[in-house]
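Participant: Just dropping this structure here.
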Amino acid sequence: AQFPIQGTTTMSADTEIGFSAAPQSNTFIEFGIGIPGAQTAAPSDGVFFRLNASGLQGIASFNGAEATTGLFPATAGTGTWTYTLSKRYQFICYVTAVEAQFWVNDGTGTNCLGTIPLPAGQSRMCMSSYGSYFLKHRIVGGAAGGVIQATIGAYNVRIGGTNLFSTISTAGNRIQGSYQGGS
83 AQFPIQGTTT MSADTEIGFS AAPQSNTFIE FGIGIPGAQT AAPSDGVFFR
133 LNASGLQGIA SFNGAEATTG LFPATAGTGT WTYTLSKRYQ FICYVTAVEA
183 QFWVNDGTGT NCLGTIPLPA GQSRMCMSSY GSYFLKHRIV GGAAGGVIQA
233 TIGAYNVRIG GTNLFSTIST AGNRIQGSYQ GGS
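If you're matching positions, the sequence shown starts at 83 in my numbering and goes up one per residue.
Have a look at this one:
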């Protein structure tokens with residue numbers, strides 16, 4: 083499915099995911115909304131989380147030009163954010179016309195790990211006006227040591243703030259697929 087990333091909408095990708103081990107060198111796990119691209123290449127467009135041997139960070143890619151949050155800090159503010167192996171967390175990335183936000187819920191509460199403001203010279207966060215939900219595990223630059231599995235419990239994509247000039251019931255019929263009339 084393709085989802086609009088444009089105008090005044092707010093796109094949200096919400097993923098429940100756990101990791102079986104810490105990523106090794108040459109290993110990347112990326113998930114969010116965008117255009118995932120070729121298997122060994124970084125996603126070419128979109129807003130997504132990236133986990134590698136250095137840690138977890140947020141990425142906004144505009145036709146391959148990446149803006150990053152940098153590694154997410156630990157909740158206490160010192161060090162980098164870490165996770166418990168095989169524990170599932172809720173990761174949420176929001177894409178608006180002026181910023182990308184990256185959130186995590188560890189079961190005790192939801193925290194904003196970082197934001198990326200709209201980079202100067204760009205008209206929006208992503209060049210493409212649409213994107214797919216994706217989870218990508220890629221190994222680049224040679225062999226990777228150890229195996230990490232990303233286990234998804236669920237994912238949701240939500241769109242808010244759309245400019246629809248119709249009634250709520252008509253919009254619901256279009257989105258949910260319910261129709262009036264004979265079959």
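All residues carry an ideal CB built from backbone N, CA and C; glycine is no exception.
On a predicted model such as this, the values are computed, not experimentally measured, just so you know.
(1) Following the continuous beta strand (DSSP E) through SER94, name the residue where it begins and the one where it ends.
(2) Going by alpha carbons, who is nearest to PHE197 out of THR91, PHE110, GLN139, MET93?
(3) Distance check for PRO118 and LYS218, CA to CA, integer angstroms please.
(4) Of all the alpha helix (DSSP H) runs that stay within the bounds of the stretch 98 to 134, which reach a length of 4 or more residues?
(5) Between the alpha carbons of ILE174 and THR252, how many angstroms are there, rounded?
(6) Using DSSP with H/G/I as helix, E/B as strand and the rest coil, what is THR252?
(7) In this structure, how does DSSP classify TRP267 when only helix, strand and coil are distinguished?
Facilitator: Per the coordinate set shown:
(1) 92 to 101
(2) Before going further, note that residue 197 is Thr rather than Phe in the sequence given. The shortest C-alpha separation from THR197 is found at GLN139.
(3) 7 angstroms
(4) none
(5) 29 angstroms
(6) helix
(7) Here the chain covers residues 83 to 265 and nothing more, so residue 267 does not appear.
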